[in-house]
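Residue numbers (numbering that gives the first Met the number 0): 0 to 974. The beta-carbon is built from N, C-alpha and C at its ideal position, and this holds for glycine as well. Everything numeric in this text was worked out from a predicted model, so none of it was measured. Here's the structure we're looking at; comments come further down.
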Amino acid sequence: MLSLMDIKKDYVVGDSTVSALKGVSIDFRENEFVSILGPSGCGKTTLLNIIGGLDRYTSGDLNINGKSTKDFKDCDWDSYRNHSIGFVFQSYNLIPHQTVLSNVELALTLSGVSKSERRERAVKALEQVGLGDQLHKKPNQMSGGQMQRVAIARALVNEPDILLADEPTGALDTETSVQIMELLKSISKDKLIIMVTHNPELAMKYSSRIIKLLDGKVIDDSDPLDKNVVEPIKKPEKEPTKADKKAAKKERKKLKTSMSFLTALSLSRNNLMTKKARTLLTSFAGSIGIIGIALILSISNGVQLYIDQVQSDTLSSYPLQITKTTASIGEIMNTMAKNHEDSANHDKDKVYSQNAMGEMINTLMEETKVNNLEKFKKYLDDNSDLKDLTSDVQYTYATTLNVFTESDSGVMQVNPSTLLEDMGYMSSTQMEAMSMRGSMGGMMGMGTDVWSEMIDNEELIDKQYDVIAGRLPEKYNEVVLVVDKNNEINDYVLYSLGLLDPSSLNGIVRRAMAGEDISVDSEQHVYTYDELLDLKFKVVPTPDFYKKKDGVWEDMTGDESYMKKAVANGTEISVVGILRPDEDASSASISGAIGYRHDLMTYLIDEVDKSEIVKEQIANPDIDVFTGLKFKTDENAADTDSSSETVSDSTADTESKADKTADSSDTDKKAGLVAGDSSMEIPEGMTEEQYKALMEQSGASNTGELADMGMNAMGSMDMSAIQGGDMSSLTETQKKYIASLSDEQMELMKQMLKEQSDTNADQLANSGKYSTSNYDNNMKTLGYSVVEDPDSINIYPVDFASKEKIIDIIDDYNDSVGEEDKIEYTDYVGLMMSSITSIINAISYVLIAFVAISLVVSSIMIGIITYISVLERTKEIGILRSIGASKRDISRVFNAETVIVGFVAGALGIIISYLLTIPINMIIAHLTDVPIRASIPVSAAVILIAISVCLTLIAGLFPSRVAAKKDPVIALRTE
0 MLSLMDIKKD YVVGDSTVSA LKGVSIDFRE NEFVSILGPS GCGKTTLLNI IGGLDRYTSG
60 DLNINGKSTK DFKDCDWDSY RNHSIGFVFQ SYNLIPHQTV LSNVELALTL SGVSKSERRE
120 RAVKALEQVG LGDQLHKKPN QMSGGQMQRV AIARALVNEP DILLADEPTG ALDTETSVQI
180 MELLKSISKD KLIIMVTHNP ELAMKYSSRI IKLLDGKVID DSDPLDKNVV EPIKKPEKEP
240 TKADKKAAKK ERKKLKTSMS FLTALSLSRN NLMTKKARTL LTSFAGSIGI IGIALILSIS
300 NGVQLYIDQV QSDTLSSYPL QITKTTASIG EIMNTMAKNH EDSANHDKDK VYSQNAMGEM
360 INTLMEETKV NNLEKFKKYL DDNSDLKDLT SDVQYTYATT LNVFTESDSG VMQVNPSTLL
420 EDMGYMSSTQ MEAMSMRGSM GGMMGMGTDV WSEMIDNEEL IDKQYDVIAG RLPEKYNEVV
480 LVVDKNNEIN DYVLYSLGLL DPSSLNGIVR RAMAGEDISV DSEQHVYTYD ELLDLKFKVV
540 PTPDFYKKKD GVWEDMTGDE SYMKKAVANG TEISVVGILR PDEDASSASI SGAIGYRHDL
600 MTYLIDEVDK SEIVKEQIAN PDIDVFTGLK FKTDENAADT DSSSETVSDS TADTESKADK
660 TADSSDTDKK AGLVAGDSSM EIPEGMTEEQ YKALMEQSGA SNTGELADMG MNAMGSMDMS
720 AIQGGDMSSL TETQKKYIAS LSDEQMELMK QMLKEQSDTN ADQLANSGKY STSNYDNNMK
780 TLGYSVVEDP DSINIYPVDF ASKEKIIDII DDYNDSVGEE DKIEYTDYVG LMMSSITSII
840 NAISYVLIAF VAISLVVSSI MIGIITYISV LERTKEIGIL RSIGASKRDI SRVFNAETVI
900 VGFVAGALGI IISYLLTIPI NMIIAHLTDV PIRASIPVSA AVILIAISVC LTLIAGLFPS
960 RVAAKKDPVI ALRTE
């Protein structure tokens with residue numbers, strides 16, 4: 000079973016070599032009680048350590064079950080000690096911070112035994128030595144005999160083949176020694192027990208075999224295996240095959256010992272708990288660097304959150320804007336500067352003119368570009384990445400939002416606002432320009448309109464505004480009223496919305512400039528939420544402002560009665576909520592006082608598209624529906640020269656009157672018939688019988704009276720109203736006359752009106768005149784838009800980083816299309832705040848770098864503390880090695896200790912930092928109005944704890960390496 004063949008062991012001490020064993024050869028039986036006797040220094044313990052695999056022989060061979068150990072590696076010796084050897088030491092060598100049960104279980108953890116089986120076997124071993132009721136005591140709570148019993152139970156728990164006892168009774172009294180020896184003798188019936196002792200009486204009484212050593216040699220063996228002390232063990236007759244070696248390797252791998260990291264953590268945790276004060280102080284010292292970094296990150300995070308909010312709020316008001324017609328201001332300025340430098344190539348003896356205006360116009364024409372927004376919109380809609388980068392992508396259209404309010408005095412236009420024009424502050428052209436500025440979301444200053452489209456991002460609106468009454472709009476015909484942070488509304492808005500009488504301001508600017516005494520209502524008006532939520536408005540599509548007369552469409556905005564009816568038939572808009580900007584919001588996305596949803600505009604676009612005037616203009620793209628004249632095109636302009644291209648107004652008027660006189664004769668005859676005038680000639684195309692029948696239907700008895708009434712009524716009658724079936728604009732006399740007509744006469748009247756309208760339209764179209772407008776301008780005037788082809792696109796990035804990615808997306812689009820489809824855009828914010836984040840980050844990094852020095856210093860200190868722990872636990876290292884722990888297992892134990900210290904340091908630092916943010920925020924709130932709230936992000940807290948663990952782990956690598964390299968024999972001797 001176990002054979003020692005000429006074992007020698009030499010120790011090098013300085014320049015000399017000491018021989019501890021000098022050619023020892025012994026064969027042992029599988030089960031016997033062997034005592035090794037000899038004086039101190041004869042090599043007894045050295046022999047025991049070599050048999051146990053704690054020490055290595057210098058020469059010779061140790062055979063285990065017929066296998067040589069010459070080629071054993073460290074892992075093989077570890078497995079051998081764990082599975083085949085059990086140690087019982089004179090000083091017990093129990094781990095003091097572990098319970099009795101944990102001490103016994105320890106060897107099983109290295110064998111990979113399950114927790115339940117481990118517990119069962121440990122309890123059984125303790126019961127076997129009579130300590131079944133002492134499981135949870137610590138070693139320092141037990142007597143010497145009890146601790147030795149625990150050591151024996153630990154040696155037996157793994158069911159080893161060999162039990163090695165080094166002076167097991169040396170520290171016990173006589174009675175206890177006898178008990179231990181009796182226990183060992185009973186165990187020897189099934190196992191090989193090799194005991195080193197100085198007590199020959201105990202050896203003689205309990206041992207079955209006594210071997211005596213002197214000066215490193217065997218001088219006596221009471222019961223050698225074959226009665227020959229030095230008989231060598233024969234080598235195997237044949238060399239092992241490759242299959243045998245593979246099987247042996249597989250078996251060794253199966254028996255390989257390994258301590259789990261959880262076991263290492265448990266050992267280190269229990270050790271640290273015995274030194275709570277030192278562990279806490281060490282962890283606090285390690286947490287100082289973490290606290291510094293965590294506080295810097297908390298303040299930096301608070302500032303960054305504020306910057307992010309400012310970015311989000313700012314970019315909600317200053318988007319990337321792409322208009323249908325655009326010009327790069329930067330390119331224009333660069334081109335003009337270059338042209339000016341190139342032209343300055345003359346002498347300076349005279350004064351020369353500079354062609355600034357011409358260059359400006361030429362440059363403007365060259366740099367102005369029409370963007371294909373229809374194609375670009377499709378590209379944006381198909382881009383899946385854009386959603387995460389933007390708060391909203393807003394498409395605006397040329398369709399005018401005409402909003403009116405009704406009152407007893409009539410109707411008032413609310414949007415587009417005409418208040419400043421009525422005051423005499425600016426012209427209608429300036430008003431239009433200001434209105435366009437307002438549509439840009441406040442990018443170039445406040446516009447004149449108080450209605451603006453809301454951003455289609457409810458989450459962002461919730462962050463920027465508080466709903467103080469009502470709710471957010473949910474339908475196209477619902478809007479919200481926006482007040483300021485003080486719950487106030489600018490009086491300009493009140494006048495524009497009709498809450499104050501705007502007529503009191505008419506011409507006030509002109510009168511003030513003329514020196515007149517004027518007064519303005521300066522009283523503070525108060526409105527309840529319910530009053531404001533009761534506000535109603537009417538939206539009227541632009542085509543509803545026009546009415547067809549004599550074949551052309553006439554603008555009726557100057558007709559008060561017509562406008563009242565148009566407004567009454569408009570779409571009602573309700574105010575459903577009142578918003579107030581959030582106190583922490585640095586900017587607001589709603590630029591006006593009334594915010595409406597995007598689907599109100601899409602609804603309006605659809606209404607315009609369905610109107611009769613738009614349908615007629617689309618059906619006749621070469622005719623101006625407002626004048627009946629043809630649009631001038633390159634084709635019809637080429638047919639005439641400059642002298643005959645356009646007929647003069649006077650000639651055209653004369654010809655038009657002549658044409659009307661000639662062409663209207665038949666119409667006049669029909670009009671007379673409709674009026675009942677029997678003296679009229681029979682119109683062309685009507686037989687005498689038809690004429691008589693029509694006259695008879697008129698009634699012979701009242702023909703003259705009806706003729707007089709009919710001619711008078713038709714003189715001022717709105718013929719287009721009759722043609723459209725609308726009688727509301729007729730007088731009572733006209734209505735009475737219409738009612739007197741027969742069905743045939745009504746049909747004849749309508750036919751007459753249609754012929755007259757067609758005749759007028761044909762005369763205008765062929766008059767030789769051309770409209771001063773064009774098709775596109777007319778459609779724009781009517782507010783016609785196509786949803787797929789917006790007038791402008793506003794892209795609202797989430798932050799500046801997203802803005803850069805969006806610009807990359809636009810650049811990718813430009814790279815993928817031809818020159819004519821490339822997009823020019825305007826970035827109004829530019830680099831306004833983009834550098835702020837970089838500055839904050841740079842400052843944070845510098846501060847973190849300084850604080851990180853303390854973190855490194857504390858990590859070095861933890862490394863030193865760990866090294867001290869290695870020195871303190873040297874004996875524990877020897878104990879672990881004696882039960883089969885590998886060098887890697889020893890390193891793992893101390894690495895686990897540094898991990899625990901690092902985790903506690905990191906967690907302690909984060910907890911203290913969280914507590915410190917409370918007074919820090921109070922100080923910030925007291926010193927500044929900026930809403931910065933220091934807070935440690937959860938991810939940063941986790942990362943800092945991980946960094947603390949990693950740094951302490953790195954700092955502990957050296958001490959753990961030192962621990963792993965310790966000689967287990969020397970370690971066991973350490974007190």
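Taking a contact to mean a Cβ-Cβ separation below 8 Å, would you say residue i touches residue j in this structure?
| i | j | result |
| --- | --- | --- |
| P318 | Y795 | yes |
| E452 | M600 | yes |
| L628 | Y769 | yes |
| T395 | N793 | yes |
| N370 | E823 | yes |
| A963 | I861 | no |
| K137 | T98 | yes |
| K147 | I179 | Position check: residue 147 holds Gln in this sequence, whereas Lys was assumed. In this structure, I179 lies closer than 8 Å to Q147 by Cβ. |
| T973 | A904 | no |
| E896 | T865 | yes |
| T916 | S934 | yes |
| V607 | T541 | yes |
| D807 | K323 | no |
Which word fits residue i, buried or exposed, when buried means at least 16 other C-beta atoms lie within 10 angstroms of its C-beta?
| i | result |
| --- | --- |
| V575 | buried |
| A154 | buried |
| E104 | buried |
| T404 | buried |
| F849 | exposed |
| M921 | exposed |
| N300 | buried |
| N81 | buried |
| S390 | buried |
Ordered along the chain, which non-local residues of its own chain (more than five positions away) have a Cβ less than 7 Å from that of residue i?
| i | result |
| --- | --- |
| R268 | I899 |
| L930 | The amino acid at residue 930 is misidentified as Leu; the sequence shows Pro. Contacts found: Y305, D583. |
| I838 | none |
| V156 | V103, A106, L107, R120, A121, A124 |
| D788 | L372, E373 |
If I measure Cβ to Cβ from residue i and keep anything under 6 Å in the same chain, skipping five residues before and after, which residues do I get?
| i | result |
| --- | --- |
| W76 | G52 |
| L47 | L163, D165, V195 |
| V17 | Y10 |
| L971 | G877 |
| I919 | A933 |
Specify the secondary structure class of residue i as computed by DSSP and reduced to three states.
| i | result |
| --- | --- |
| M411 | strand |
| I931 | coil |
| I50 | helix |
| R510 | helix |
| I467 | strand |
| Y317 | coil |
| G576 | strand |
| L419 | helix |
| A164 | strand |
| N382 | coil |
| F625 | coil |
Can you find the residues in the same chain that come closer than 8 Å, C-beta to C-beta, to residue i, ignoring five residues on each side of it along the sequence?
| i | result |
| --- | --- |
| D543 | A565, N568, G569, S610 |
| D307 | D798 |
| R960 | S890 |
Against chain D, does residue i count as a neighbour if the rule is that its beta carbon must be under 8 Å from one of theirs?
| i | result |
| --- | --- |
| I917 | Absent from the structure is chain D; it holds one protein chain and no more. |
On the three-pair Cβ rule with 8 Å, is the segment 734 to 748 touching the segment 562 to 578?
no
Are the segment 378 to 396 and the segment 538 to 553 touching, with three or more C-beta to C-beta distances below 8 Å?
no
Between the segment 506 to 515 and the segment 477 to 485, do three or more beta carbon pairs fall short of 8 Å?
no
Does the structure place the segment 288 to 296 close enough to the segment 909 to 925 that three or more beta carbon pairs sit under 8 Å?
yes
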